[in-house]
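*Asks:* Structure in structure tokens, see below.
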Amino acid sequence: MGVRLAVRLRRTALAAVLAMVTLALAGCIEFYEAELDPGLIRRLEEHFGGDHDRAAAAIVEEDGLHTGYVAADEETVFEVGSIAKLLTGLLLPIAVDRGEVALDDPVGRYLPLGDAPVAERTLEELATHRSGLPTITSDEDLLIAISETVATGRSLPPLTVDELLALAARESAEPTGRAVYSSLGAALLGHALAAAAGTDYATLVRDRLLAPLGMDGADADSAD
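Residue numbers (full-length UniProt numbering): 1 to 224.
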């Protein structure tokens, strides 16, 4: 919400993702040149045969990196959707390490939420989906509009930051002690981290994640 993240599937971007996997596995895998896999392409075509379908896939196996595309190639741009939450999750410990935020800081310290209940929710609660916020909204009319948009195959227009804050301010945001997946909470977290850094979310993603990883095939476009 508020930002679209798009990824162009270039080898540099793919290599950066694999580099993160390599670090996590402590050097247990090697890098390979990507090779088009006819079998993978056939499988993709079975599932993505619509007139407007585009697909790209990569499989890492012991014998190498296999790729396949349908109506796409390694230069095609895709909106990453909820994968952006992973990027926001990476930005949080970076901000903590830099002394910009603390996990128990209320989000209202960084975003103008007034006395709305959500203002008291902590950054950690937002990051762990324990803020009491709904997946998107409790507004039934908006949920219907979203469902109709998705049903037609269209992308949802991103909310501006002000629209996002207004939406969140209407929620009761009462923690229940259990995790409830919340795109609304993740979006608030991203903008709070950007505010703490004195920038916008798109710039924060570029400067602290995409640029250091050499992911020149990925970009973030802010709605504001």
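By construction, the Cβ of each residue, glycine as well, lies at the ideal position given by its N, Cα and C atoms.
The structure presented is a predicted model; accordingly, all values stated were derived computationally and were not measured.
I need the boundaries of the alpha helix (DSSP H) containing THR203, first residue and last residue.
*Replies:* Where THR203 is concerned, the enclosing alpha helix (DSSP H) stretches over 201-205.
*Asks:* Keeping to the same chain, check which residues put their C-beta closer than 7 Å to that of LEU103; ignore five residues upstream and five downstream.
*Replies:* Cβ within range, chain order: VAL96, THR122, LEU123, GLU124.
*Asks:* Taking the alpha helix (DSSP H) that GLU61 falls in, what are its first and last residues?
*Replies:* Where GLU61 is concerned, there is no enclosing alpha helix (DSSP H), although the beta strand (DSSP E) it sits in stretches over 55-61.
*Asks:* Opposite HIS66 in the DSSP bridges: which residues?
*Replies:* For HIS66, which the question treats as bridged, DSSP gives the partners GLU35, ILE59.
*Asks:* Does VAL77 come out as helix, strand or coil in the three-state DSSP assignment?
*Replies:* Strand at VAL77.
*Asks:* I need the DSSP call for THR176, collapsed to helix, strand or coil.
*Replies:* Coil at THR176, not helix or strand.
*Asks:* With DSSP collapsed to three states, give me the class of ALA116.
*Replies:* Reduced to three states, the DSSP call for ALA116 is coil.
*Asks:* What residue range does the alpha helix (DSSP H) around LEU90 cover?
*Replies:* Start and end: 84-97.
*Asks:* Which residue wins for smallest C-alpha separation from LEU143, given the options LEU167, ARG54, GLY39?
*Replies:* For LEU143, the nearest C-alpha among the options comes from LEU167.
*Asks:* Compute the distance between the beta-carbons of LEU86 and LEU189, then report whether it is under 7 Å.
*Replies:* Result no, Cβ atoms of LEU86 and LEU189 do not sit closer than 7 Å.
*Asks:* If you draw a straight line from the C-alpha of ASP53 to the C-alpha of ARG109, how long is it?
*Replies:* Rounded to whole angstroms, ASP53 to ARG109 spans 43 Å at the Cα level.
*Asks:* Determine the burial state of GLY214: buried for a count of at least 16 other Cβ atoms within 10 Å of its Cβ, exposed for fewer.
*Replies:* That one is exposed.
*Asks:* Please list, in chain order, all residues of the same chain as GLU61 whose beta carbon is under 6 Å from its beta carbon, the five residues on each side excluded.
*Replies:* Nothing listed; no residue qualifies.
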